[in-house]
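Counting from 1, one number per residue, gives the positions in the sequence shown under the UniProt record's numbering. Built from N, CA and C at the ideal position, the CB exists for glycine as well. Encoded as structure tokens, the structure appears first; notes follow it.
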Amino acid sequence: MLSLPSTSSSISKKKYDVFLSFRGEDTSNNFTDHLYDALKRSGIVTFRDDPKLEAGEEIAPELFNAIQQSWCSVIVFSKTYTFSGWCLEELAEIVQQKNVNGHKVFPIFYDVDPSDLRKQKGKVEEAFAKHQERYKEDTDKIQKWRNALTQVANIKGWHLHNRHESEFIGDIVKKISAKLCLTYPVLHDELVGISSRLEQLYSKINIGEDDVRIIGICGMGGIGKTTLARVVYTQMSPHFKGKSFLADIREVSNKCGLVSLQKQLLYQILPNECFNFFNVHEGNAIISRRLSSKKVLVVLDDVDNVQHLKCLVGRRDWFSLGSRIIVTTRDEHLFQSYRIDDVYKPTTLNTNDALRLFNLKAFGGDTTTKDDFNQLSEHVVHYVDGLPLALEVLGSFLCGRDIIQWRSAIERLKQDSNKEILDTLRISFDGLEEREKNIFLDIACFFNGEEKDLVMKVLDGCEFFPDIGIDVLIKKSLIKVSDDNQYLQMHALLQEMGRKIVEEKCVNEPGKRCRLWKEKDVHHVLTKNTATEVIEGIIIDNKRDSSKMLNLRIDTFLKMKKLRLLKVLCVSNCDDIKYLSNELRLLDWTGYPLRCLPSSFQPDNLVALLLPYSHIEQLWKGNRALANSRKKFDIMMPGSEIPEWFSQQKSDSSIKIPVPKDSQWIGVACCCIFVNNDASRDDEHIGCGAIIYCRNSEEASCNGSNFRGKNPRRIDGSGWLVDKRFNQPIMKDHLFLRYWSRDKVYPFSLEDKYGHCETNNLWATDCSDEKCYELEVSFSNPNDEDNAKVKKCGARIVYEKDLEEIKELQ
């Protein structure tokens, strides 16, 4: 495998950008002087030796050092260049540095034919005849010069021909300047925490192997994907025959089209050629034909559509063996649509690196915090949660400001987020479908850090199709799932961005926003009676500001016709509420103070009814068909006895139910009583969840194979928490009831699979076509803690005829 230079050495700047090699008597007073001045005017640091030094033939040691400390050499081949042993010795050292250290070489053929240099004929032959006469005893030196001359003459360079000298020089300076910009895109000191990232990324790129590899870099906006790609591009470039860095592909494609990107790719790899085509199909043909024999390095930055990949890198045989293609994107799903070799996912910076990067920007290059600013710096670092873009933007904004201005800016951040940061993050949100946007906003406003299964259940009840929607958000790096696959998590700045989107719908009147979570906004809406039917979700929580105790009036929710999500905490003052929206999917009301729910409430859409610490005596007056055979729902409320309706009961935390030998059952209902396991422990919450397993036969056939002694298959599992209320220990017994419809237990219809007439005597069959003889329901704390005790439980297989009894049970 080819070794790459270390991070620091590969992009640390050389002392000189250019070493200028020339024959003084030919060009020093005209062309070379003009070239040197033009390079200096462009800010290119250039070393030029004094022509007077050439009086002797022994090259000065400082010239060797100058070559070694230069990024490149520009060699002006003139008519008498090869007559100078000094020039040829310089040339040999330049070639040595090129071969060993990747030193760049750019020849200029000033009224000289490169073929004469390659074949060493004409004036060149005459020059070497004189050198051979002079160095009869040192034939190795002569051969070294000849080899160096041949090697450099074979490099594609610049030819003066009949061009105007000023135009010719301008073209040379422009191209060298462009190459230097790619070589030094950033200073290494600013790339905090990059070494470990590069090490992981290079292990995936596997440079030196004789294959074509496509590597993805995927992550949320601002996490450093482009910076990583640029550093890798700079370090790896010397190992390839052609290279191209296509930046901002998403934006360029939208503005200029794919054809412009194809032309840019070709021009960067084949800069001296012109390509005329007008559609992507022609572009594909030209790219595959012209690059198939070239070992290239291509970076596609900010790709958001699989068509970008198909039109720019197509198939692997478009490029020669050894080529590497690196793709940065926010959407990991692209890599499933287009086959790649590996994906690297950069993470946010740890606290130490985040503080170093912030200090670097905030204190003008110093990575240590000034004493007076320690606490404020740590506050900012905590706020941005390790996101490199945010650290750079806020650090640069605060740079040079005094401590009073820092405090003011940080306070302002609590109210108004930085626009540059949020605009960058919002790009991913804007590309979502409407249902996916709703899922994202629900999580940002209500469900960040909540249990994944429970959130999925509520979102499914809202008909947002979370099985695919959550996956889309994960692939687009907008949310992630905890390491144990239990909780949904969203970066703090993404959550802030989502909430800002909601607030922007109506800046001055929160009652006209679709979601309400801020205590002050909720207090305003409920006390000023400014609610509208736009509101879909609301959290009413008085626990942080008891001085503003809310009183929920009889008509508090009357205008909220589209309310889907309602969570109420620490509200004890409540009139006899007469209306709740029939659109409710989640009703979570800790300490519900009334004896029943409003009689007008139709719970047809309800997925979870959670009433811990409530005074409820019956759910509602009259019958309500809460049990919907197509759904799964939960009820949690105070209670100390399992209803008699549950035909099987047990003083334990789990219960087994035989599966009927028919297909007429419509679901499974289960119930348990749980309580705090230890009153001496001051737990913030206890909880209870239900897990259902399917136990198969000892021996079952599936596609001709035998399954023996298999463990039970987990079908579903999740739970709810009871929070500590008013600083009192959690002592009250609570009842937890769950219903699973049969299609939640088995994700297909038996009738669809086997035909209606075949199912009457068909045993329940799971999705592996294994016969299921027994279901087991187990109750436990959803957080795997031991602070809740299950006293007893019950279960029942539900048929259509049982629904009437369930109404009575409710």
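Query	Result
Sub-7 Å separation of Y799 and W645 beta-carbons	no
Where the beta strand (DSSP E) through I217 begins and ends	R213 to C218
N220, buried or exposed, once every other Cβ within 10 Å from all chains shown has been counted against 16	The identity of residue 220 in the sequence shown is Met, whereas the question assumes Asn. Buried: at least 16 other Cβ atoms inside 10 Å.
Per DSSP, cross-strand counterpart(s) of L619	The partner list for L619 (beta bridge, DSSP) is empty, contrary to what the question assumes.
Rounded Cβ spacing between V455 and L494 (contact assumed at less than 8 Å)	So it is not a contact: roughly 16 Å between Cβ atoms.
Whether R23 touches T80 by CB criterion (7 Å)	yes
Through-space distance from T226 to R339, alpha-carbon basis	21 Å
Proximity below 7 Å, CB of R585 to CB of C445	no
6 Å CB neighbourhood of T329 in its chain, flanking five on each side removed	C218 and V303
Integer-rounded CB distance, given that G386 should sit under 8 Å from A354	5 Å
S293 beta carbon near the ligand MN (any heavy atom closer than 6 Å)	Because no ligand of any kind appears in the structure shown, any question about the ligand MN cannot be addressed here.
Every unbroken beta strand (DSSP E) within the segment 540-591, with a cutoff of 3 residues, ordered by chain	565-569 and 586-589
Residues near K294 by beta carbon distance below 6 Å, same chain, minus five either side	K241, G242 and S320
Any C-beta of chain D under 7 Å from that of W645	The chain labelled as chain D is not found in the depicted structure, where only one protein chain is given.
Neighbourhood of I439 by C-beta, 8 Å cutoff - its chain only, sequence neighbours within 5 removed	L459, F464, P466, G469, I470 and L473
Candidates G222, V299, C311 and D342, of which the one nearest E392 by Cα	G222
Same chain, Cβ closer than 7 Å to V380, neighbours up to 5 away in sequence not counted	F358, L394 and I410
Touch test, the segment 256-268 against the segment 228-236, Cβ-Cβ under 8 Å, three pairs minimum	no
DSSP three-state assignment for F440, whether helix, strand or coil	helix
Inter-residue spacing [alpha-carbon to alpha-carbon] between E436 and F557	27 Å
Straight-line gap, L432 to H239 (C-alpha atoms, nearest Å)	39 Å
Whole-angstrom distance between L117 and F277, CA atom to CA atom	37 Å
Rounded C-alpha distance that separates S417 from N529	28 Å
Helix, strand or coil at E167 according to DSSP, with G and I counted as helix	helix
Three-way DSSP call (helix, strand, coil) for E758 in this model	Low local confidence applies: a pLDDT of 43 at E758 is under 50, so the model's placement there is unreliable, and no value is given.
4-residue-minimum alpha helix (DSSP H) runs that sit fully inside the segment 252-331, ordered along the chain	258-269, 280-291 and 306-312
Helix, strand or coil at F19 according to DSSP, with G and I counted as helix	strand
Short Cβ contact (7 Å threshold) for V607 with L775	no
Residues sharing a beta bridge with R796, DSSP	A669
Own chain, CB closer than 6 Å to W158, minus 5 neighbours either side, in chain order	I108 and I172
Beta-carbon proximity list for K732, same chain, < 6 Å, skipping 5 on both sides	P638
Bounding residues of the alpha helix (DSSP H) (the contiguous stretch that carries P61)	P61 to Q68
7 Å Cβ cutoff met for I325 and A229	no
Cβ shell of K562 (< 8 Å), same chain only, five flanking positions each side left out	E533, V534, I535, E536, S581 and E583
Opening and closing residue of the beta strand (DSSP E) in which Q649 lies	Q648 to K650
Per-residue burial, M549 [other beta carbons within 10 Å of its own, 16 or more giving buried]	exposed
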